[in-house]
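First the structure, in the form of structure tokens, and then the observations on it.
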Amino acid sequence: MKTRNREPSPFGIAALDLFASALGAFILIAVVIFPMIGEAVPDNPPAPAPIIMEAPPPDSVACPVCPTCPVVAAVVEPIACPVCPTCPVPEPVPETICPAVPDPVACPICPTVPAPVICPEPAPAPIQVDAPHFRFPHLDLIVALDVTNSMRGQVASLKAEVEQLAVLMNRISPSFGIGMVAFGDRRWESPLFLFPLREISGPTTNRDAFRTFVNGLSVGMGTGRGNNPDSPEAFYDALSAASRMTWRPRSERRVVVLVTDNPAYSEEIDRSIQVAAGIGRPEGHRVSTVYVRTGGTNSATEEFLRSVAEAGGGQYVRDVGGSLTVNLLLSLF
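Residue numbers for the sequence shown follow our numbering, so the first one is 1406 and each next one is one higher.
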């Protein structure tokens, strides 16, 4: 039997099996791949959201209520109102530290809500108290001034201040009278020069006369043919002359002030103290002394002048280089 030659057929069993397998693989791939078709896959991953950094706070913020308060750095982010969260917050709220005061300041965000920001109360106005005007009663003053050579500075001071002395006395007393004894050494030809007590606060002629007397003073003015060989001066004679002057009838305070740098003669010390005690005995009368230390402090002179002032119920004043007017004022109290 002759064998028939067969040509291969695409519809054979093996070919069908091959096509079926290929179709199944295609379907499987399509099921996996087709859902991803049309979705754009970016080449690079998306950038993360930017991080906003807070700006550093300023060094300080002035207090909105009182500029003198201590301050801290301002809050950069707005602060929500703790009572009404829907309240708009247009601007950051500075945070301050202030001492407490009784009345709080209204909240700058919600005016109806008191805020804890309180500032110091203003300083109280200074209390003005009218000081009592010190005034002497009607006053008479007799000045016994040493005019020996060592007292040149005090004589010059009185000349320079004579006008101010009169004006000042008129302001501290309703009426003012003054007398004067210029004295030197008892061995001088003229140891005493007197200006009788007159009311200076009254007629201007009396004031002019007193000014003329003072301007005529000079150290050593009564020496003449006399001399001054020792330290003691005519203290007793000056005090006795002052005690004989006539006081004004209406004067209520009567003061004799002796200004010198040396004591009385030794045999006249006790008598000088007795005269001072006699002048200061009546009510409102007194004797004061001013010690001018022209050659340094002399304990004997200081003790003597202090004793005279104590006996006369007046003041002992130690000159410290000031004006004669100041010394006279200190001697009046």
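Don't be surprised by glycine CBs; every beta carbon is placed ideally from N, CA and C.
Here Asp1590 is not near Asn1554, since their CB atoms are 7 Å or more apart. Taken through DSSP and simplified to helix, strand or coil, Val1567 comes out as helix. In the structure shown, Val1697 falls within a coil segment according to DSSP collapsed to helix, strand and coil. For the segment 1635 to 1711, the full-length alpha helix (DSSP H) segments reaching 4 residues or more read 1640 to 1648, 1674 to 1685 along the chain.
The three-state reading of DSSP puts Arg1576 in helix, counting H, G and I together.
In the three-state DSSP reduction, Val1586 falls in the strand class (E or B). If you draw a 10 Å sphere on the C-beta of Asp1545, you find 16 or more other C-beta atoms in it, and that means buried. Cα atoms of Asp1675 and Arg1711: separation of roughly 13 Å, rounded to the nearest angstrom. Residue state for Val1560 is assigned as helix, using DSSP reduced to three classes.
Looking at the DSSP output, Glu1594 bridges to nothing.
The segment 1624 to 1638 makes contact with the segment 1655 to 1674, as at least three CB pairs between them are under 8 Å. Residue state for Leu1734 is assigned as helix, using DSSP reduced to three classes. Counting the other CB atoms within 10 Å of its CB gives Arg1686 a total below 16, which places it among the exposed residues. In this structure the segment 1617 to 1632 does not lie against the segment 1643 to 1661, because fewer than three pairs of beta carbons, one per stretch, are closer than 8 Å.
Our two residues, Ser1693 and Arg1616, have alpha carbons roughly 23 Å apart in a direct line. DSSP places Phe1541 outside both helix and strand once states are collapsed to three, so it counts as coil. The beta-carbon distance between Val1664 and Val1567, rounded to whole angstroms, is 14 Å. This is too long to meet the 8 Å contact definition. When beta bridges are read from the DSSP output, Val1548 appears opposite Met1585, Val1662.
Just so you know, the alpha carbons of Leu1573 and Val1552 end up roughly 24 Å apart. For Val1619, the uninterrupted alpha helix (DSSP H) run begins and ends at 1609 to 1620, by DSSP. In this structure Pro1596 is not in contact with Gly1584, their Cβ atoms being roughly 17 Å apart against a cut-off of 8 Å. Around the beta carbon of Gln1720, 16 or more other beta carbons sit within 10 angstroms, so the residue counts as buried. Between Arg1655 and Gly1582, the C-beta gap is not smaller than 7 Å, which leaves the two residues out of contact. For the pair Arg1698 and Ala1705, the Cα-to-Cα distance works out to about 12 Å. Here Arg1540 is not near Ala1571, since their CB atoms are 7 Å or more apart. Cβ-Cβ separation between Gly1625 and Glu1594: approximately 11 Å, too far for a contact (criterion under 8 Å).
Gly1718 is bridged by DSSP to Val1692. Taking C-beta separations shorter than 8 Å and ignoring five residues to either side along the sequence, the partners of Val1680 in its chain run Tyr1641, Leu1644, Ser1645, Ser1648, following chain order. Here Gly1701 is exposed, its C-beta having fewer than 16 other C-beta atoms within 10 Å. Residues of the same chain with a CB within less than 8 Å of the CB of Ile1678, apart from the 5 flanking positions on each side, are Ser1712, Val1713, Ala1716 in chain order.
For Arg1630, no pairing in a beta bridge is given by DSSP.
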